[in-house]
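Peer 1: So in the working numbering the end of the sequence shown lands on 428, straight run, no missing numbers.
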Amino acid sequence: MVIGQTSNVKRQTSNVKRQSSIVNLQSPISQSPISNLLFLLGWLAIPLAVYFVVLQKRPSYEPRYMMLVTPSLFLLMGVSFAPRRRWEVVFGAAALAIFAVGLRSYFTDPAFFKDDSAGVANWLAVETTAEDIVFVDVPHPFHYYADRIPAPTRYLFVDIHTAAGVLNREALGRRRLYWVTWYGSDTDPRGVIPFLLWKQAGPPAGERQFRGYRVEWYTLSDRPFSLPTDLPPAQVNFDNVLLLDGLAYSKTLSAGEAGWATLHFRLLAPTPVNYKISLRLRAPDGRLLSQVDKLILNDRHFQTAAWPLDDPALNQALNVFTLPLTDPAYSGPLTLEAVVYNAATLDAIAAYGVPTTNNDFISAQIGLIQVEK
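1) Taking the runs of the beta strand (DSSP E) that are 3 residues or longer, which of them lie wholly in the segment 191-261?
2) Alpha carbon to alpha carbon, what distance is there between tyrosine 161 and glycine 174?
3) State the Cα-Cα distance for the pair tyrosine 273 and threonine 183, rounded to the nearest angstrom.
4) Is it right to say arginine 203 is buried, meaning 16 or more other beta carbons lie within 10 angstroms of its own, or is it exposed?
5) Can you name the start and end residues of the alpha helix (DSSP H) that asparagine 295 belongs to?
6) For the candidate residues Leu123, Tyr304, Trp315, Leu131, whose alpha-carbon lies nearest to that of alanine 94?
7) Say whether the segment 111-126 touches the segment 144-153, bearing in mind that this needs 3 or more beta-carbon pairs closer than 8 Å, one atom from each stretch.
8) Distance, Cα to Cα, valine 181 vs alanine 206?
9) Classify threonine 208 as buried or exposed, calling it buried when 16 or more other Cβ atoms lie within 10 Å of its own Cβ.
10) Starting from glycine 422 and walking both ways along the beta strand (DSSP E), at which residues does that stretch end?
11) In the DSSP assignment, find the alpha helix (DSSP H) that holds glutamate 182 and state where it starts and stops.
12) I need the DSSP call for alanine 166, collapsed to helix, strand or coil.
13) So the beta strand (DSSP E) proline 388 belongs to, where does it begin and stop?
14) Taking a contact to mean a Cβ-Cβ separation below 9 Å, would you say leucine 299 touches alanine 419 in this structure?
15) Starting from threonine 307, trace the beta strand (DSSP E) both ways and give me its first and last residue.
16) Would phenylalanine 250 and tryptophan 178 qualify as a contact pair, given that the criterion is a beta-carbon distance under 9 Å?
17) Buried or exposed: where does arginine 229 fall if 16 or more other Cβ atoms within 10 Å of its Cβ makes it buried?
18) Would you mind sorting leucine 80 into buried or exposed? The rule is 16 or more other CB atoms within 10 Å of its CB.
19) In terms of residues, what are the limits of the beta strand (DSSP E) holding valine 270?
20) Could you pull out every residue in the same chain whose Cβ sits closer than 6 Å to the Cβ of proline 196, ignoring the five residues on either side in sequence?
21) What are the boundary residues of the alpha helix (DSSP H) that includes valine 347?
22) For serine 333, write down the residues that DSSP places opposite it in a beta bridge.
23) Please classify asparagine 414 as buried or exposed, where buried requires at least 16 neighbouring CB atoms within 10 angstroms.
24) With DSSP as the reference, label glutamine 358 as helix, strand or coil.
25) Output needed for aspartate 348: all residues of its chain with C-beta closer than 6 Å, excluding positions within five of it in sequence on either side, in chain order.
26) Assess contact between the segment 367-374 and the segment 304-324, defined as three or more Cβ pairs (one per stretch) separated by less than 8 Å. Is contact present?
27) Just mark lysine 169 as buried or exposed, buried being the case when its beta carbon has 16 or more other beta carbons within 10 Å.
28) Are at least three pairs of beta-carbons, each pair with one atom in the segment 270-287 and one in the segment 217-237, less than 8 Å apart?
29) Answer with buried or exposed for aspartate 187, where buried requires no fewer than 16 other C-beta atoms within 10 angstroms of its C-beta.
30) Does the beta-carbon of alanine 100 have 16 or more other beta-carbons within 10 angstroms, so that it is buried, or is it exposed?
31) Just the C-alpha distance for alanine 361 and glycine 246, rounded to the nearest angstrom, thanks.
32) Output needed for valine 436: all residues of its chain with C-beta closer than 7 Å, excluding positions within five of it in sequence on either side, in chain order.
33) At the level of alpha carbons, what is the spacing between proline 83 and arginine 113?
34) If the criterion is Cβ atoms closer than 9 Å, does the pair phenylalanine 293 and alanine 406 meet it?
Quick look at the structure:
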């Protein structure tokens with residue numbers, strides 16, 4: 056009995072010592088304002104330093120990126136609201152002054168204004184009817200405003216292989232289509248949606264600019280939306296780097312109507328160069344009546360330097376072009392030309408397999424278009 060009691064006393068004494076040790080370890084942290092302040096400063100400074108390094112590689116900012124350090128920021132500001140020393144008062148006043156300057160810029164400098172998504176929604180609420188349809192290329196924040204817009208409002212994920220089918224299913228039979236694009240969007244760098252809309256409806260009926268957004272609208276026809284996929288074969292070799300192996304285009308046009316072309320490229324050899332293509336319509340007298348320059352992009356929107364030669368899904372590209380004429384009264388033949396060039400240096404590369412304009416070896420003549428009166 057005595058032995059058991061002695062054992063219990065020893066265990067209790069040991070537990071008290073352990074608890075005392077834990078308290079002693081915690082006390083310097085919990086009771087030291089300097090340690091707390093250093094902890095908060097580290098919480099603020101370390102993530103910001105890491106983010107600064109990331110910015111050197113990928114400059115991008117959104118307010119939500121600050122969520123990680125926001126608690127420490129406000130806790131540090133809170134220190135100044137219960138000052139015990141004069142330097143804390145000075146620190147708090149300086150912090151408030153700095154933030155006041157930033158706050159003034161936020162509300163008075165247009166460079167800091169937010170995108171006017173509410174303005175777009177309010178304008179669409181007045182301009183559209185239930186017979187129209189609205190497509191946006193970014194879903195946020197338009198899902199907050201969709202109920203106030205009479206026309207159905209949809210987010211359109213742009214896939215070059217399915218976009219025509221989506222438009223036929225959602226938009227065919229509507230009176231007008233409104234296409235809302237955000238200035239920072241990379242949803243449709245190849246311009247697939249404007250290409251399909253021009254083919255189906257002609258040029259935009261109107262355009263409106265908002266802060267951060269552009270709205271184009273089209274008066275739709277009865278024709279279905281279409282994008283050629285099984286292209287007639289072609290064999291135009293651009294300097295043994297790129298092969299134009301498929302081509303479809305508008306062979307006849309009415310006066311004032313825009314031409315269109317769909318080109319398929321395949322990579323022949325790895326390249327460190329990002330290439331662009333200049334597609335042109337040239338009259339017999341040498342006049343250039345249309346020119347569109349675009350980066351050659353694959354389905355992942357990769358430029359040519361990033362195409363993997365051994366991946367059939369990514370070493371090829373389908374690109375689309377709308378070619379409005381600078382002279383709407385012109386009628387007669389036009390030559391469709393293609394020039395591939397280095398996007399950085401603008402140096403064109405040689406074209407083989409077809410005639411070139413003035414035997415310049417770079418302006419590949421890939422088709423003929425007749426513009427009728």
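For glycine and all other residues, C-beta sits at the position ideal for the given N, C-alpha and C.
Predicted model, so just to flag it, every value in this text is computed and none were measured.
Peer 2: A quick look at the data gives this:
1) 208-210, 231-237
2) 18 Å
3) 12 Å
4) exposed
5) Element bounds for asparagine 295: n/a, residue is neither H nor E.
6) Sequence inspection shows phenylalanine at residue 94; the alanine mentioned does not correspond to that position. It is Leu131 whose Cα lies nearest to the Cα of phenylalanine 94.
7) no
8) If you take the alpha carbons of valine 181 and alanine 206, they lie about 10 Å apart.
9) The residue in question, threonine 208, is buried, as its Cβ has 16 or more Cβ neighbours within 10 Å.
10) 419-427
11) Its alpha helix (DSSP H) spans residues 172-182.
12) helix
13) 387-397
14) yes
15) 307-309
16) Between phenylalanine 250 and tryptophan 178, the CB-CB gap reaches or exceeds 9 Å.
17) Burial call: buried.
18) For leucine 80, the predicted structure reports a pLDDT of 42, less than 50, and the residue's modelled location is therefore unreliable. A value from the coordinates is still provided. Exposed.
19) 268-274
20) Cβ contact annotation for proline 196 (same chain, cutoff 6 Å, sequence separation greater than five): Ser172, in chain order.
21) Looking at the DSSP string, valine 347 is not in any alpha helix (DSSP H); the run it does join, the beta strand (DSSP E), is 343-350.
22) Asp348, Val394
23) By the 10 Å Cβ count, asparagine 414 comes out exposed.
24) Three-state result, glutamine 358: coil.
25) Lys331, Ser333
26) yes
27) Lysine 169 counts as exposed, since fewer than 16 other beta carbons sit within 10 angstroms of its beta carbon.
28) Yes: at least three Cβ pairs fall under 8 Å.
29) buried
30) By the 16-neighbour rule on beta-carbons within 10 angstroms, alanine 100 is exposed.
31) 20 Å
32) Summary: the structure shown does not reach residue 436, with the chain confined to residues 56 through 428, and so no result is reported for it.
33) Because the pLDDT at proline 83 is just 45, under 50, the model does not fix this residue reliably, and the value given afterwards should be weighed accordingly. Those two C-alpha atoms are separated by around 41 Å.
34) yes
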